[in-house]
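Numbering (the working numbering), first residue to last: 59 to 150.
Structure below.
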């Protein structure tokens with residue numbers, strides 16, 4: 059699933075990260091997308107992620123600038139956690 063972004067009418071605006079299920083990578087991609095978004099009107103981003111095998115703390119972060127811009131463009135973020143599959147366990 060990784061990141062699916064839709065407008066308030068449920069039309070798909072973007073699909074980010076294809077098959078990369080790691081949250082730190084996805085947050086970085088979302089930050090780049092938000093940085094280049096110039097209008098508002100409301101949208102939502104659904105981040106589908108799986109816990110990294112062997113992860114023990116840490117992870118991604120979002121800058122204050124990105125969080126402010128997300129509020130400006132009225133972007134809601136959903137986090138959808140999926141259990142690791144055999145495929146995601148091979149990605150390290």
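The beta-carbon is built from N, C-alpha and C at its ideal position, and this holds for glycine as well.
Limits of the beta strand (DSSP E) - the one that residue i falls within
| i | result |
| --- | --- |
| residue 125 | First-last for residue 125: 122-130, but that is the alpha helix (DSSP H), not the beta strand (DSSP E). |
| residue 73 | 70-74 |
| residue 136 | 133-139 |
| residue 64 | 61-65 |
Burial state of residue i (16 or more Cβ within 10 Å)
| i | result |
| --- | --- |
| residue 61 | buried |
| residue 79 | buried |
| residue 140 | exposed |
N-terminal and C-terminal residue of the alpha helix (DSSP H) that residue i is part of
| i | result |
| --- | --- |
| residue 103 | It is not in any alpha helix (DSSP H) - residue 103 instead sits in the beta strand (DSSP E) that spans 101-107. |
Secondary structure of residue i, DSSP reduced to three states
| i | result |
| --- | --- |
| residue 80 | coil |
| residue 93 | helix |
| residue 151 | Not covered by the structure: residue 151. The range shown for the chain is 59 to 150. |
Spatial distance of residue i from residue j (CA atoms)
| i | j | result |
| --- | --- | --- |
| residue 89 | residue 120 | 7 Å |
| residue 138 | residue 110 | 14 Å |
| residue 96 | residue 64 | 15 Å |
| residue 128 | residue 85 | 13 Å |
| residue 81 | residue 87 | 10 Å |
| residue 103 | residue 117 | 19 Å |
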